[in-house]
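Take a look at the structure below.
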Amino acid sequence: MITLEVRTNSREEIVDLTDQVGAALSRAGLVEGLCHLFVPHTTAGIAIHENADPDVKRDILMALDKLVPDDPAFRHAEGNSAAHIKSILSGASASLPVSGGRLELGTWGGIYFCEFDGPRRRKLHLSFAGTDQGGEPLFL
Amino acid sequence: MITLEVRTNSREEIVDLTDQVGAALSRAGLVEGLCHLFVPHTTAGIAIHENADPDVKRDILMALDKLVPDDPAFRHAEGNSAAHIKSILSGASASLPVSGGRLELGTWGGIYFCEFDGPRRRKLHLSFAGTDQGGEPLFL
Amino acid sequence: MITLEVRTNSREEIVDLTDQVGAALSRAGLVEGLCHLFVPHTTAGIAIHENADPDVKRDILMALDKLVPDDPAFRHAEGNSAAHIKSILSGASASLPVSGGRLELGTWGGIYFCEFDGPRRRKLHLSFAGTDQGGEPLFL
Chain E
1 MITLEVRTNS REEIVDLTDQ VGAALSRAGL VEGLCHLFVP HTTAGIAIHE NADPDVKRDI
61 LMALDKLVPD DPAFRHAEGN SAAHIKSILS GASASLPVSG GRLELGTWGG IYFCEFDGPR
121 RRKLHLSFAG TDQGGEPLFL
Chain H
1 MITLEVRTNS REEIVDLTDQ VGAALSRAGL VEGLCHLFVP HTTAGIAIHE NADPDVKRDI
61 LMALDKLVPD DPAFRHAEGN SAAHIKSILS GASASLPVSG GRLELGTWGG IYFCEFDGPR
121 RRKLHLSFAG TDQGGEPLFL
Chain W
1 MITLEVRTNS REEIVDLTDQ VGAALSRAGL VEGLCHLFVP HTTAGIAIHE NADPDVKRDI
61 LMALDKLVPD DPAFRHAEGN SAAHIKSILS GASASLPVSG GRLELGTWGG IYFCEFDGPR
121 RRKLHLSFAG TDQGGEPLFL
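Chains as they are written, first to last, in this note's numbering: chain E, 1 to 140; chain H, 1 to 140; chain W, 1 to 140.
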């Protein structure tokens, strides 16, 4: 497992981790197989999304905010229930194919870490399963 | 594959399966790698979520209910379309990293089985991929 | 990795790929393990869902449309922000258990490719990890 550290600077924020995950993949030495992402937090999530236009990030956060506004009916004492629900909607894990030593994300795909209750120090766990350059099984 | 049996007691209910998944992991003997969860039902889902405060469970079900209320425009004859949509929003699968023989869920993370059309008998399939104590590949 | 080609014919459409994924699984020769699905597009998604009643497909698209309507507040220049958010809600990846050479989808489970910004030519990447008929590790 390789763990990336992420520092978020706002209450809600999307951080593009595509390059860091790609660098970790190179370090891991996986050539064919899968890169699994896991967010070990319950008020953040992961999304595979378009990294071409910065307005997409804003639109995603705005749309999730309209979907799950702060609601006086929430009982959770910490007052961050909306962030918990957004985390469920975006998801805590994702599995990305790796081919020829590269992430197969598609033309526009980026790896977005979604912060819903920041600013905080966060982690993203990366696990790798497949074969290395010699075709031998590799788990990391 | 190891299959857990879950009995739900209400129409909508969140069942914390963190301990049962941990016990299955021990039985499987996986030390490094991944534990994959899959819900083989189309009106239930899986969420990785905070297991500290019971109010979070209630807030999640309430928020999903506000997001996808029963709608007279639904045509599906069984009348449980809202449950189907909630199942898609929470998701049918998740992949959790395992390190040193333990689930890397984070401080507050719990594994929540989400029932949206109970009470029923349900299943959760667990698959394991990685290496055992001797560093040998293990698939279960 | 095996890549399926999908042609969609409408702006929004759900395409049942259960049979094609099953056929790819047979070609791959995986007997025990996991089949990972990944959508390399940011305006489409994957859902595991009920393939018995065609009305369920319609209800899913209608419910997602009510959840994320076109919104004049969206700024993304291409005008397809709603499709991007729907893609995040349904998810880009899923992991399905394989046992005895067959997908363990449950009685009613089907693999739904969700098009939110068609018609287009689309892809679905399939990765396989586990063991073959001889019990040897297999990654594809």
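Just so you know, even glycine gets a beta-carbon here, dropped at the ideal spot from N, CA and C.
Quick one: which chain H residues come within Cβ less than 7 Å of residue i?
i	result
ARG75/E	ASP55, ARG58, ASP59
Which word fits residue i, buried or exposed, when buried means at least 16 other C-beta atoms lie within 10 angstroms of its C-beta?
i	result
ASP117/W	buried
ASN51/H	buried
GLY79/H	exposed
SER10/H	exposed
ASP19/E	exposed
PRO40/E	buried
GLY100/W	exposed
ALA77/E	exposed
In this structure, does DSSP put residue i in helix, strand or coil?
i	result
THR18/H	helix
ARG11/W	coil
HIS49/E	strand
ALA73/H	coil
LEU140/H	coil
LEU30/W	coil
VAL6/H	strand
ARG58/H	helix
At the level of alpha carbons, what is the spacing between residue i and residue j?
i	j	result
LEU67/E	SER26/H	39 Å
VAL31/H	LEU124/W	31 Å
LYS57/W	LYS57/H	28 Å
VAL21/W	ILE85/E	31 Å
THR107/H	ARG7/W	44 Å
MET1/H	PHE128/H	7 Å
LEU96/H	ARG121/E	20 Å
LEU45/W	LEU61/W	Just to set this straight, residue 45/W is Gly in the shown sequence, not Leu. The alpha-carbon atoms of GLY45/W and LEU61/W are separated by roughly 12 Å.
GLU197/E	GLY91/W	The requested residue 197/E is not part of the displayed model; chain E covers only 1 to 140.
GLY110/W	HIS49/W	5 Å
PHE74/H	ASP59/W	6 Å
ALA47/H	LEU138/E	28 Å
LEU140/E	GLU104/W	26 Å
GLU5/E	PRO54/W	45 Å
HIS36/W	TYR112/W	14 Å
ALA28/W	GLY135/W	14 Å
ALA82/E	LEU64/E	9 Å
THR42/H	ILE14/W	15 Å
ASP70/W	SER87/E	23 Å
ALA23/E	LEU34/H	21 Å
THR131/H	PRO72/E	47 Å
PHE38/H	THR3/H	10 Å
LEU89/H	LEU89/W	6 Å
ASP16/E	ARG102/H	29 Å
LEU126/E	PRO119/W	34 Å
GLN133/H	GLU115/W	44 Å
ALA94/H	SER93/W	9 Å
VAL98/H	VAL98/W	20 Å
Chain W partners of residue i, CB-CB under 8 Å?
i	result
MET1/H	GLU32, PRO97, SER99, GLU104
List, in order along the chain, the chain E residues whose C-beta lies closer than 9 Å to that of residue i?
i	result
HIS41/W	GLY106, THR107, TRP108, GLY109
Applying a beta-carbon distance threshold of less than 8 Å, which residues of chain H neighbour residue i?
i	result
GLY91/E	GLY91, ALA94
ILE85/E	ASP59, ILE60, ALA63, LEU64
GLU12/W	Going along chain H, no residue has its Cβ under 8 Å from GLU12/W, so there is no contact; the nearest lies around 14 Å.
For a contact meaning CB atoms closer than 8 Å, what does residue i contact in chain E?
i	result
PHE146/W	Because chain W spans 1 through 140 in this model, residue 146/W falls outside it and cannot be assessed.
For residue i, which residues in chain C fall below 9 Å Cβ to Cβ?
i	result
VAL68/W	In the structure shown, chain C cannot be found, because the protein chains are E, H and W.
List, in chain order, every chain H residue whose beta-carbon is nearer than 9 Å to that of residue i.
i	result
ILE48/W	PHE38, VAL39, PRO40, THR42, SER87, ILE88, GLY91, ALA92, SER93
Can you pull the chain W neighbours of residue i, defined as C-beta to C-beta under 9 Å?
i	result
SER26/H	In chain order: nothing, as chain W lies at least about 19 Å away.
Any chance the CB of residue i is under 7 Å from a heavy atom of the ligand NAD?
i	result
THR43/W	For the structure depicted, the ligand NAD is absent and the ligand set is empty, with no information on it obtainable.
Uninterrupted alpha helix (DSSP H) stretches inside the segment 67-116 of chain E (no shorter than 4 residues): As for any alpha helix (DSSP H) of minimum length 4 sitting wholly inside the segment 67-116 of chain E, the runs are 81-90, ordered along the chain.
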